[in-house]
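Here's the structure we're looking at; comments come further down.
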Amino acid sequence: MLIELEKLQNCSLREMMFQELWKQEYERGGIPSSFRVDPTKVVMHFLSFLKERGFEGSFAIDLGAGKGRNSFYLAQNGFSTLSIEWLQENVDEINQKAANAKLPISAYCQSVSTPWPVPSESMDIAIDIFCYKHVVDKEQQKNYRKELYRALKPNGYYLLSLAADDDGFYGSFLKEPSYNECKLIIDPHSQIPSLLYSLEEIAEEFSDFFTLIQGKKEISHSPMYGKDYQRSVLNLIFQKKI
Numbered sequence: 005m006l007i008e009l010e011k012l013q014n015c016s017l018r019e020m021m022f023q024e025l026w027k028q029e030y031e032r033g034g035i036p037s038s039f040r041v042d043p044t045k046v047v048m049h050f051l052s053f054l055k056e057r058g059f060e061g062s063f064a065i066d067l068g069a070g071k072g073r074n075s076f077y078l079a080q081n082g083f084s085t086l087s088i089e090w091l092q093e094n095v096d097e098i099n100q101k102a103a104n105a106k107l108p109i110s111a112y113c114q115s116v117s118t119p120w121p122v123p124s125e126s127m128d129i130a131i132d133i134f135c136y137k138h139v140v141d142k143e144q145q146k147n148y149r150k151e152l153y154r155a156l157k158p159n160g161y162y163l164l165s166l167a168a169d170d171d172g173f174y175g176s177f178l179k180e181p182s183y184n185e186c187k188l189i190i191d192p193h194s195q196i197p198s199l200l201y202s203l204e205e206i207a208e209e210f211s212d213f214f215t216l217i218q219g220k221k222e223i224s225h226s227p228m229y230g231k232d233y234q235r236s237v238l239n240l241i242f243q244k245k246i
């Protein structure tokens with residue numbers, strides 16, 4: 005592994021390094037989020053879940069929006085959407101496409117673990133599709149959860165999707181002895197680090213500010229760097245505690 009654990013402790017170095025690694029990944033298109041344009045199925049199911057509950061909302065935030073495929077789906081379904089994304093190139097693309105389509109989307113370039121550009125208790129829902137797993141600093145994770153709690157309205161909903169610790173691609177790297185205890189792995193193709201979880205572990209991690217409403221492990225197949233893998237993904241719906 006080319007990235008040393010010590011380098012992940014230096015905040016400014018880590019952020020600059022991660023931005024460059026993500027830029028390279030989007031150019032490479034090795035993982036599905038780098039090249040897919042259709043909304044993630046779990047986001048579609050999430051909106052169906054909200055509709056079944058009679059939940060009415062107008063404002064959404066998409067955390068780690070990538071090129072905005074889920075932001076556009078939210079906007080097309082009636083949500084004024086704020087997208088937070090780390091790469092300026094992606095932010096510019098989202099804002100330009102949204103303007104062309106006359107959709108209510110505003111994208112901002114920043115880390116998800118620094119204060120978000122939203123008023124307190126202004127968001128009805130939030131989604132995170134494979135972003136939180138890449139926040140590998142525990143203090144930054146806590147900052148993220150605090151911002152999520154601050155931004156959501158009372159009883160607001162949050163969808164989180166991330167790889168399970170037995171995922172056919174990411175889980176295989178837990179065999180590296182240096183990272184077993186904290187389940188930190190580094191993708192050898194992109195050099196991008198991730199933290200892996202069991203369903204119980206991630207539910208417990210968010211229990212400081214949120215109540216778990218629904219949690220599932222879903223098995224599927226998808227390509228990673230040109231090869232098909234069995235994927236094990238955790239999809240969780242939380243509600244803000246009041």
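The sequence shown lines up with residues 5 to 246 when you count with our numbering.
No residue lacks a Cβ here, since even glycine has one placed at the ideal position from N, Cα and C.
All figures in this text were calculated on a predicted structure; none of them were measured in a lab.
The DSSP-derived three-state label of D128 is strand. Non-local beta-carbon contacts of G230 in its own chain, meaning distances under 8 Å to residues more than five positions away in sequence, involve G34 in chain order.
A straight line joining the alpha-carbon of L25 with that of Q144 spans about 19 Å. E151 counts as buried, since no fewer than 16 other beta carbons sit within 10 angstroms of its beta carbon. Contact check for V122 against L199 fails: the beta carbons are separated by 7 Å or more. Between the beta-carbon of D132 and that of L67 there is about 4 Å, and that keeps the pair under the 8 Å contact cut. Burial state of S52 is exposed, judged by a 10 Å Cβ sphere holding fewer than 16 other Cβ atoms.
Apart from the 5 residues on each side of it in sequence, E19 sits with its Cβ closer than 8 Å to the Cβ of S115 in its chain, given in chain order. Per DSSP, A102 is one residue of the alpha helix (DSSP H) stretching across Q92 to A105. Beta bridge pairing from DSSP links N239 with S165 and K220. Between the alpha carbons of I241 and Y162 lies a gap of roughly 6 Å. When DSSP reads this structure, E60 sits in no beta bridge, so it has no partner. Per DSSP, reduced to three states, the secondary structure at I206 is helical. 7 Å or more divides the Cβ of E97 from the Cβ of K137.
Counting the other Cβ atoms within 10 Å of the Cβ of A79 gives 16 or more, which makes it buried.
Three or more beta-carbon pairs drawn from the stretch 222 to 237 and the stretch 169 to 178 are found closer than 8 Å, and the two stretches are therefore classed as touching. In this structure D128 is buried. Its beta-carbon is surrounded by 16 or more other beta-carbon atoms within 10 angstroms. For L78, the enclosing alpha helix (DSSP H) begins and ends at R73 to Q80. Taking the CA atoms as reference points, L107 sits about 8 Å from F76.
Between Q23 and W90, the C-beta gap is smaller than 7 Å, which places the two residues in contact.
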